[in-house]
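So the structure is just underneath, and the comments pick up after that.
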Amino acid sequence: MIILLLIAAVNTALTYQRNKIWKNDYTLWSDCLTKSPKKARVNNALGFALFKNNEFEKAIYYYNKASLLSPDYFQPYYNRGNVYAKLGKDQPAIENFNKAITLQPDCADTYYHRGTFYGKTEQYQLAIEDFNNAIRLNPNYIKSYNNRGIAHTRLGLYQKAIDDFNEAIRMKPDYADAWNNRAFVYLILSDNISCCRDARKACELGNCKTLESAAGKRICR
Numbered sequence: 115m116i117i118l119l120l121i122a123a124v125n126t127a128l129t130y131q132r133n134k135i136w137k138n139d140y141t142l143w144s145d146c147l148t149k150s151p152k153k154a155r156v157n158n159a160l161g162f163a164l165f166k167n168n169e170f171e172k173a174i175y176y177y178n179k180a181s182l183l184s185p186d187y188f189q190p191y192y193n194r195g196n197v198y199a200k201l202g203k204d205q206p207a208i209e210n211f212n213k214a215i216t217l218q219p220d221c222a223d224t225y226y227h228r229g230t231f232y233g234k235t236e237q238y239q240l241a242i243e244d245f246n247n248a249i250r251l252n253p254n255y256i257k258s259y260n261n262r263g264i265a266h267t268r269l270g271l272y273q274k275a276i277d278d279f280n281e282a283i284r285m286k287p288d289y290a291d292a293w294n295n296r297a298f299v300y301l302i303l304s305d306n307i308s309c310c311r312d313a314r315k316a317c318e319l320g321n322c323k324t325l326e327s328a329a330g331k332r333i334c335r
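Its first residue numbered 115, the sequence shown is counted upward by one per residue in the numbering used here.
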């Protein structure tokens, strides 16, 4: 009986310790790193946990370690590209996305994030090419349709933009940003009826930007 009680006490202590370690991703992967400091995937995972906590420089440090430990492992390059994009560091962001795509050219997410970065830096044609690839690899990539629609809008390719927003809305009818973005195109085209319809729907779903712009022009009152 005493032995059974001791075993139960040990198991309880181990469970408590494990629960402390698994409190969050950072503590989990920090613990893993102490046991496996030379595993690239562990360093990468710890970097991502730090990224989610907005500790960007620390995240880069562990992504760097992961890349050194396994130079052909694409994930640290992809993740590091996202950190640099977040920090507004254009050249290293692109270099890391490029390397990630070279190592794993069939990852839709990498094309999407590089395309989003190109869009933010007003390189719209390059953005469209990346969104095309993301959609080719994942035809249900809703955000790629929406972001490609934005790039088409910026280039004045309004029908292509509408087609993209149509597809995003078809796949996700409650996608507020797509309704708002399509409303914005209709506003540009002076199609006030369509603009107001979409803008009101977008606002119902939580995005009132175009509705407010239209109201400022005495449209959709």
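Ideal Cβ positions, reconstructed from N, Cα and C, are used throughout, including at glycine.
key: Distance CB(residue 179)-CB(residue 157) smaller than 7 Å   = Here residue 179 is near residue 157, since their CB atoms are less than 7 Å apart.
Per-residue DSSP class, three states only, for residue 190 = In the three-state reduction of the DSSP assignment, residue 190 falls in the helix class.
message = Please return the same chain residues whose Cβ sits closer than 6 Å to the Cβ of residue 306, not counting the five positions on each side in sequence.
response = 333, listed in sequence order.
task = Hey, could you find the ends of the alpha helix (DSSP H) residue 243 is sitting in?
result = Where residue 243 is concerned, the enclosing alpha helix (DSSP H) stretches over 238-251.
task = Report the three-state DSSP secondary structure of residue 219 (helix, strand or coil).
result = Look at residue 219 here: in three-state DSSP terms it is coil, with no helix or strand label.
request  = To the nearest angstrom, report how far apart residue 159 and residue 259 are at their CA atoms.
outcome  = Rounded to the nearest whole angstrom, the CA to CA distance from residue 159 to residue 259 is 29 Å.
query = Within 10 angstroms of its Cβ, does residue 281 collect 16 or more other Cβ (buried), or is it exposed?
reply = Answer is buried; the Cβ neighbour count reaches 16.
key: Host alpha helix (DSSP H) of residue 176 (start-end)   = Here the alpha helix (DSSP H) through residue 176 covers 170-183.
key: Under 7 Å between C-beta atoms of residue 232 and residue 214   = Taking 7 Å as the Cβ cut-off, residue 232 and residue 214 do not qualify as a contacting pair.
query = So what does DSSP say about residue 270, is it helix, strand or coil?
reply = In the structure shown, residue 270 sits in coil (DSSP, three-state: anything other than H, G, I, E or B).
task = Note down, in chain order, each residue of its chain lying with its Cβ closer than 8 Å to the Cβ of residue 183, except the 5 sequence neighbours on either side.
result = The answer, listed in chain order, is 152, 153, 154, 157.
message = Rounding to the nearest angstrom, what Cα-Cα distance links residue 262 and residue 278 in this structure?
response = Their Cα atoms are separated by approximately 7 Å.
task = Give me the Cα-Cα distance between residue 328 and residue 271, rounded to the nearest whole angstrom.
result = Going by the C-alpha atoms only, they are around 21 Å apart.
request  = Jot down the residue ranges of each uninterrupted beta strand (DSSP E) in the stretch 272-299, minimum 3 residues, whole runs only, in chain order.
outcome  = If one requires a minimum length of 3 residues, no beta strand (DSSP E) run lies completely within the stretch 272-299.
key: Of the residues 303, 254, 268, 175, the one placed nearest residue 239, counting alpha carbons only   = The candidate whose alpha carbon is nearest that of residue 239 is 268.
Nearest neighbour of residue 322, chosen from 303, 188, 298 [CA to CA] = When only C-alpha atoms are compared, the closest one is 298.
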